Structures are given as structure tokens and as C-alpha cells.
Amino acid sequence: MAGETVITVVGNLVADPELRFTPAGAGVAKFTVASTPRVFDRQTNEWKDGESLFLPCSVWRQQAEHAAESLQKGMRVIVQGRLKQRSYEDREGVKRTVFELDVEEVAPSLLRATAKVTKAAGQQRPEVQQARRQQGAASAEDPWVQGTSGTGRPTGGGWGQGSGGGDVDEPPF
């Protein structure tokens with residue numbers, strides 16, 4: 533992708549992401565990020581807002597669904613992607629140019645907020661899924677191969693069941 537302009541923008545969502553699907557079933561979420569610089573005015577000795585940049589963004593496929601589920605109007609986000617320029621003629625015949633961001637990555641900003649991240653089901657590469665299926669059949673005795681509960685600890689013959697000789701919260705080593 534040589535020659536593409538990749539940028540990172542930090543700003544607030546103007547509205548909730550709008551999720552739609554193509555006829556082929558691919559998800560696309562569209563949203564606008566408003567990025568407003570803060571500048572210090574030495575004459576008045578106070579901070580002032582600069583001119584806001586409103587940047588339309590689109591994110592595709594599974595990440596579009598995740599963005600629509602996770603992000604809300606007003607959230608501060610970090611968006612990275614390829615800047616695209618598109619020209620068109622409006623109804624009055626005036627030529628217009630717009631800039632849009634094809635999003636590669638989007639995340640909530642943790643500057644003034646916290647977030648809990650959960651891995652979406654079925655998001656592993658096919659070769660990783662295949663290896664895990666083969667590994668699961670390999671050893672029912674190994675607590676690291678077995679499934680985990682919501683606590684992240686192995687279920688079944690896992691921690692604190694005689695192998696480590698300690699408290700239930702201790703790992704078996």
C-alpha cells in the first residue's frame with residue numbers, strides 16, 4: 533500500500549456508529565470523529581478551543597460490528613487508517629471534495645475513561661482454532677489445555693486440586 537496517507541486521529545464521536553450490511557453480508561460502520569485542538573492564549577492566560585476537524589470514518593467487517601456494539605456518542609476514541617479524498621458534483625453543479633478515513637484500528641481513549649476488553653467469540657485465525665482442537669484431544673490431564681471459567685482459571689482438574697498443594701487461588705507450580 534505504498535503511497536497511501538496513514539493518519540491517527542484522537543477525538544470524540546459525534547453520534548453512535550451506524551452499522552449497515554452490504555448485499556454480500558459484509559458489515560460497515562460509519563461514524564464521525566470531531567477533533568478539537570486546545571491552544572493556550574498568552575494574552576488572556578487561558579486555554580481555548582481551536583477549530584474542530586470533523587472526519588467521517590468507515591470501518592468494515594467484524595470490526596464494524598464490534599465498533600457499533602462498543603462505541604457511543606461522545607466517547608473519546610483513537611482512530612488510525614488511510615485518508616481518502618473523494619470529489620463529486622452536488623445538485624447545483626458545484627464541484628466538492630470530501631476527506632474520509634478508511635479505518636484500520638479504532639479504540640476508546642483511556643485518557644479520562646476506563647474500558648473492559650473482552651475477546652469476541654470465534655475471532656481466532658483458522659490455523660489457531662485447528663491447533664487448539666488437536667491440542668484439546670492431546671491431554672486431559674494438563675490444566676492449561678482444558679477450558680477456562682469466567683475467572684480465566686482452568687476448569688476441571690485445574691488449580692488448587694492437589695497438584696499445587698496450596699490454596700485454591702494458587703497455580704499448580
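Each position in the sequence shown, counted from 1, maps to that position plus 532 in this note's numbering. Where is the CB? At the ideal position from N, CA and C, for every residue including glycine. The structure displayed is predicted, hence computed values, not measured ones.
Exposure label - residue i; buried when at least 16 CB within 10 Å
i	result
Pro569	exposed
Ser590	buried
Leu633	buried
Val649	exposed
Val626	exposed
Val538	exposed
Leu585	exposed
Leu643	exposed
Residue nearest to residue i in terms of C-alpha spacing, selected from the options
i	options	result
Lys562	Val542, Ala599, Ala639, Leu615	Ala599
Val560	Ala596, Phe586, Gly582, Leu643	Ala596
Asp581	Leu615, Ala566, Glu621, Gly535	Ala566
Pro588	Pro640, Val546, Glu536	Val546
Glu536	Arg614, Ala556, Val571	Arg614
Trp592	Ala639, Val635, Thr646, Pro640	Val635
Glu583	Ala558, Glu624, Val571	Val571
Chain-order list of residues whose beta-carbon lies under 8 Å from that of residue i (same chain, five-residue window excluded)
i	result
Asp548	Phe563, Ala600, Leu603, Gln604, Lys605
Ala652	Gln594, His598
Val660	Residue confidence for Val660 is low, a pLDDT of 47 falling below 50, so the modelled location carries little weight; the figure read from the coordinates is stated next. Here the set comprises nothing.
Thr554	Val560
Glu621	Lys627, Arg628
Cutoff 7 Å; reference residue i; Cβ partners in own chain excluding five residues on either side
i	result
Gln617	Thr629, Phe631
Arg552	Val560
Proximal residues to residue i (C-beta, below 6 Å), its chain only, five neighbours per side dropped
i	result
Glu637	Gln612
Going residue by residue through the segment 605-662, where are the continuous alpha helix (DSSP H) segments of at least 4 residues, counting only ones entirely within it?
none
With a cut-off of 8 Å, do at least 3 Cβ pairs link the segment 534-546 to the segment 606-614?
yes
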